[in-house]
Amino acid sequence: MNPVLGIAGYVLREAVARKFILAFVVGITLVLSVVALSLRIEVVDGALAASRLFGEELRASIRSVDVALRPVYTAAAFIVFYGGILFGIVACSDFAPSLLSPGRIEHLLALPIQRWHLLAGTFLGVMVLALGGTLYGTTGLVLIFGVKAGYWTAGPLIAGLMACVGFAAVYAVMLTTATLVRSAALCAASGFLFLIGGVIAGFRQQISPAFEEGLSRSTFEAVTLMLPRLSSLAVAAGNIASSTPLEVNSLGMLLLGVLVFGFGALAVGFWRFEGKDY
Amino acid sequence: MENRRRRRVWLGVAGLLFLLAAVLMFTGQGDTLPEEAPKVEFPRRMRAPERERAERRKTWVMPTVADAGTAAAERPRPRDPLLAALSRGAGKTAVVIEANALRHSPIGELLLDCLMRDGGKELNEFRTKSGVDPLQDLDRLVITDEGLMLSGDFSKAKFQDLMGDAVSMDYGEGARVYEPGEMTVAGPDGGTVTRRRNAAVGVWNNQLLMLGRTPDGVKEAIDRVEGRGPDEPPLIPEGSTYGEMYGVLSVDHLARLLPPEQAEMAQRLREVAQNVELHVDASSDVALVAEVRGEDKAKVTDLGKSLGAALSLARMRAQAEGEKEMAQLLDFARVQPDGESFKLEMAVPLDAIKERLAFCKEERQAAEADASVR
């Protein structure tokens, strides 16, 4: 078996053993069930004519169902994107430090695999976990609104996948941090820091005029040029989920850029891990 | 040694990947600020400038009859003479077009281009003949069941020349009524042609010009302005004078405006609705709010749902047939139910109108260039 896949499987087994991952799945199921059972939508010829939440009529206007559901899908995309990354940072911050903990790392290093396989496997395992959770949540949402409103769109699903790309960049940084310091708290802190940096980087054009022209603005622009533009990705995810025109030049380039940043961060981790004595 | 080489490779790969990522993200997002999504402001209530405008128009104080001093003297409130002139009662139509406000709006500029496609020749001719400059002197234009009403400054108007042989008489406090008669106009061959004029015309205080089918209709309007009309609330209350076009449409009128394929909808409208209040804002994009009222709450709600569904179907059809502009336009369409009434909102983005009327500007410029060469 490919050693990277083997390590990924190992990470996944570890995740399943953890109770809060299961609690997360139960949580998503509960939210979806509540939405499915409490929301009633009346659609007449493609127009959202009336909606009830917990039996209470919502004062909403009558308009095309896809237009009416735009804010719902946009909100869902943002929750999945930022909520998913935040949860991922908290839930997965312990994986790499525990894998590199004394006793366990010696055992892993004794296996006939290269060192980078260990990190790549951990990264892959966590990404499979994130992908699974996202697909479960967004597919549920698409099914609920599809069945209830008769409006089928893969938008939220695509938005969820984009959130996974964003999380890949953040988790790569967390994994690299784990090779520097074996602390779950610091791993999570680096993840938070890059998430905030990524939000700022996405709004760099709007923020940069706040800096005085000269060195400070140039430094800000240079730093944010390198950071993953997570907020841009989130906005694009919202646009896709709600089927509105994209605000970015090329979504493919942006997605690839964020992913490549993640691989770059991972390569730094490999560099560090290769030279570390255990 | 091998390990050190491998580490150097990883570091080099990392640097290259970061660089590539920066280039990709920069190209992907672009370095320009995203364009703001089109937002349309719907005329849902009176705004401060419109309130001030309505206050400024309250210029007419009705003369009071002095009594023996038995009743407490009540100071009459100044009123807007144009609103006072409108007919009273349910089932009537009166739509006010704020000609002056519309003239100075972006859509007004476009319409002006269309009006002056001949380089402004006809407009100048009208100015010379009538003494009225529609672009300066006209304030409002009202379309009613009985005819047209115009408000503005008609002090320089050459009514006598325009009315030809019409019989005219003073009426009421400060009005003059011209009865239908014959008028002489210039013919295409340069000679003069005598035409029969069917409309009666009334002029009140050089502020209001009324065009009606009969002299009695015009006189009734003057009576209403001067306080001799029925004691009923005006068709358009002062609080509803917002937007560049506003008023009340009778359900019958509205139903007749619907295309034949919407006959069923027209019939339902006749059965359920009492009247339709209309407000159009043209200060940037053209946004329309129509409030439909009826007595039966359930039937009104059902009609609102049917209308919403019809709009949704039209949008889907436009999307399916690749009519992007129409689909975008219908994106803003919605129905807001509110018990015994519902509001229908629709909008036409200014850019779409600009595109449609672009030919007017081109023709006007060509005509003007042609005139300057001659």
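Residue numbers (the numbering used here), protein chains in the order written: chain A, 144 to 421; chain B, 225 to 598.
All C-beta atoms, glycine included, are put in the ideal place defined by N, C-alpha and C.
Query	Result
Determine the extent of the beta strand (DSSP E) in which B/Thr-368 is found, giving its start and end residues.	362 to 368
Going by Cα to Cα distance, which pick from A/Gly-227, A/Ala-166, A/Asn-382 and A/Ala-192 is closest to A/Leu-278?	A/Gly-227
Is there contact here, the region 225 to 244 of chain B with the region 268 to 282 of chain B, by at least three beta-carbon pairs under 8 Å?	no
Are B/Val-500 and B/Val-524 close, meaning C-beta to C-beta below 9 Å?	no
Against B/Arg-492, what residues of chain A qualify as contacts under a CB-to-CB distance less than 9 Å, listed in chain order?	Here the premise fails: no neighbours, minimum Cβ distance about 14 Å.
What's the gap between the Cα of B/Asp-342 and the Cα of B/Phe-583?	12 Å
Residues of the region 535 to 563 of chain B in Cβ contact with chain A at a cutoff of 8 Å, in chain order, please.	Leu-535, Ser-536, Leu-537, Arg-539, Met-540, Leu-554, Asp-555, Ala-557, Arg-558, Val-559, Gln-560 and Pro-561
On the three-state DSSP scale, how would you describe B/Met-393?	strand
Compute the distance between the beta-carbons of A/Pro-352 and B/Met-249, then report whether it is under 9 Å.	no
Is there at least one Cβ from chain B nearer than 9 Å to A/Pro-371's Cβ?	yes
Entirely within the region 303 to 379 of chain B and at least 3 residues each: give me those beta strand (DSSP E) ranges in chain order.	318 to 321, 362 to 368 and 371 to 376
Of all the options B/Trp-234, B/Ala-309 and B/Thr-256, which has the alpha carbon lying nearest to the alpha carbon of B/Trp-428?	B/Ala-309
In terms of alpha-carbon separation, which member of B/Pro-561, B/Glu-397 and B/Glu-485 lies closest to B/Val-516?	B/Pro-561
Along the region 315 to 341 of chain A, what residues have a CB closer than 7 Å to any CB found in chain B?	none
Let me see if you follow: with CB-CB separation under 9 Å, is B/Lys-523 close to chain A or not?	no
Measure the CB-CB distance between B/Gly-426 and B/Arg-448 and report whether it falls below 9 Å.	no
Can you list, in chain order, the residues of its chain whose CB lies under 7 Å from that of A/Val-178, leaving out five sequence neighbours each side?	Ile-287
Can you tell me the Cβ-Cβ gap for B/Val-475 and B/Gln-498, rounded? I've got them flagged as a contact below 8 Å.	7 Å
Are the beta-carbon atoms of A/Gly-400 and B/Gly-252 separated by less than 9 Å?	yes
Under a Cβ-count criterion, where at least 16 other Cβ atoms within 10 Å of its own Cβ denotes burial, should A/Leu-389 be classed as buried or exposed?	exposed
Rounded to whole angstroms, how far is the Cβ of B/Pro-208 from the Cβ of B/Asp-505, which I believe are closer than 8 Å?	With chain B running from 225 to 598 in the structure shown, residue 208 of chain B is simply not present.
Between which two residues does the beta strand (DSSP E) harbouring A/Arg-195 extend?	190 to 196
Show which residues of chain B have a CB atom less than 9 Å away from the CB atom of A/Val-391.	Gly-252, Gln-253, Gly-254 and Pro-258
Between B/Arg-312 and the rest of its own chain, which residues show a CB-CB distance below 6 Å, the 5 nearest in sequence each way excluded?	Pro-454 and Glu-456
Do the CB positions of A/Pro-240 and A/Cys-330 come within less than 9 Å of each other?	yes
Tell me the DSSP bridge mates of B/Ser-565?	B/Arg-517 and B/Asp-562
I want to verify the contact list: residues of chain B whose CB lies under 7 Å from the CB of A/Trp-414, in sequence order.	Arg-231, Trp-234, Leu-235 and Ala-238
State the start and end residues of the unbroken alpha helix (DSSP H) segment that holds A/Ile-232.	227 to 235
Anything in chain B within Cβ reach of A/Met-396, meaning under 7 Å, just list it in chain order.	Leu-248, Thr-251 and Gly-252
Compare the C-beta of B/Ala-533 with all C-beta atoms of chain A and state if any pair is closer than 9 Å.	yes
Taking the straight line between their C-alpha atoms, what separation do you get for A/Thr-265 and A/Leu-196?	42 Å
Are there 16 or more other CB atoms within 10 angstroms of the CB of B/Glu-450, so buried, or fewer, so exposed?	buried
From the DSSP secondary-structure annotation, give me the bridge partner or partners of B/His-503.	B/Tyr-470 and B/Val-513
Counting along the chain, where does the beta strand (DSSP E) carrying A/Val-186 start and finish?	182 to 187
In angstroms with no decimal places, state the Cα-to-Cα distance between A/Ala-377 and B/Phe-242.	21 Å
Within 10 angstroms of the Cβ of B/Asp-594, are there 16 or more other Cβ atoms? Answer buried if so, exposed if not.	exposed
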